[in-house]
Amino acid sequence: MTIQVYERYRIALDGRLSILGLSASRATAFGEKVQSFDGDVMAVRYSSKDRSFLLSRGCAKYPGANRGWRDEFLVEESAGEEFSLSLLELTVYYHLTRRPVEPSDVIEIGRIAGNDAGYSHVYSSVPFFLPGSVNAIQMEGANFALQWLMPIFPREAAFIEANGSDKFETRLRSSQYDFFDARLDLDYLN
365 MTIQVYERYR IALDGRLSIL GLSASRATAF GEKVQSFDGD VMAVRYSSKD
415 RSFLLSRGCA KYPGANRGWR DEFLVEESAG EEFSLSLLEL TVYYHLTRRP
465 VEPSDVIEIG RIAGNDAGYS HVYSSVPFFL PGSVNAIQME GANFALQWLM
515 PIFPREAAFI EANGSDKFET RLRSSQYDFF DARLDLDYLN
């Protein structure tokens, strides 16, 4: 993939995110681990009137294990900017150096900055409730996927492992919670 195709993809992604009312406001550099791998990979804040997200920018330059997709990641900032940036950075570093993060993956996060809520894992999804035109872009023979990251608690990670991601998302959507809400009561899993 050429740099020109990637730049056209970025413009198309900006247009797709505007469908959700999101617009880019500022870029933030990742920490040393990601910077030492590729200094051009960064986080960009996208916001609407009531929500703010951080998007990885630059991951899509790297192919995804011959699966034909190139990925970017988006995390909502409801748990705070420090935590959201740490979670996004951890996922990007994992994706670039260990193995591609796939939809429905659950990755243990360990101890990361700002995790006051006690999340244990990050769940990667291409939510079925968002327009497919937002989540996937095909351009000049390259497929791009936007994966949404959700911090989850140990009980939610165990539920996904035992029952699968489709059942988890179905339960979540039928509960009082939105995909991006802080979930204080995990009874929706019962």
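In terms of the numbering used here, the sequence shown opens at residue 365 and continues consecutively.
A virtual CB, placed ideally from N, CA and C, is assigned to each residue, including glycine.
Please read all numbers here as calculations on a predicted model, not as lab measurements.
Any heavy atom of the ligand ADP within a distance shorter than 6 Å of the CB on D545? The ligand content of the structure shown is nil, which means the ligand ADP is not present either.
In the DSSP assignment, find the beta strand (DSSP E) that holds V439 and state where it starts and stops. Sequence index remark: in the sequence shown, residue 439 carries index 75 (1-based). Element bounds for V439: 433-440.
How would you write the range of the beta strand (DSSP E) that V486 sits in, first residue to last? Walking along the sequence shown from the start, residue 486 turns up at place 122. 485-489 is the extent of the beta strand (DSSP E) around V486.
Drop a sphere of 10 angstroms on the beta-carbon of T392, count the other beta-carbons inside from all chains shown, and report buried for 16 or more, exposed for fewer. Translated into positions along the sequence shown, residue 392 becomes position 28. T392 should be labelled exposed.
Given 8 Å, three or more beta-carbon pairs between the stretch 409-421 and the stretch 471-482: no
Nonlocal neighbours in the same chain, by C-beta distance under 8 Å from F544, ignoring five residues either side: Here residue 544 refers to the residue found at position 180 of the sequence shown. Around F544: R415, E440, S442, M514.
Give me the DSSP bridge partner(s) of T392. For the purposes of this step, residue 392 is taken as the residue at position 28 of the sequence shown. Answer is A407, bridged to T392.
According to the neighbour-count rule (16 or more other Cβ atoms, all chains shown, within 10 Å of its Cβ), is L518 buried or exposed? Here residue 518 corresponds to residue number 154 of the sequence shown, with the count starting at 1. Sequence check: residue 518 is Pro here, not Leu. That one is exposed.
Let me know if S389 comes out buried or exposed under the rule of 16 or more other beta-carbons within 10 Å of its beta-carbon. If you number the sequence shown from 1, residue 389 lands on position 25. It counts as exposed.
Is it buried or exposed, G422, if we count other Cβ atoms within 10 angstroms and call 16 or more buried? In the sequence shown, counting from the first residue as 1, residue 422 sits at position 58. With 16 or more Cβ atoms within 10 Å of its Cβ, G422 is classed as buried.
Since I believe F437 is in contact with S411 (beta carbons under 8 Å), could you give me their beta-carbon distance rounded to a whole number of angstroms? Here residue 411 is taken as the residue at index 47 of the sequence shown, counted from 1. Here residue 437 is taken as the residue at index 73 of the sequence shown, counted from 1. In fact, because the Cβ distance is near 17 Å, the residues do not count as touching under 8 Å.
Rounded separation between D378 and S387 - CA only: Taking the first residue of the sequence shown as position 1, residue 378 is located at position 14. Taking the first residue of the sequence shown as position 1, residue 387 is located at position 23. Approximately 7 Å, taken between the alpha carbons.
Does the separation of the CB atoms of L460 and A407 fall below 7 Å? Position 96 of the sequence shown, counted from the start, is the residue given in the question as residue 460. Position 43 of the sequence shown, counted from the start, is the residue given in the question as residue 407. Here L460 is not near A407, since their CB atoms are 7 Å or more apart.
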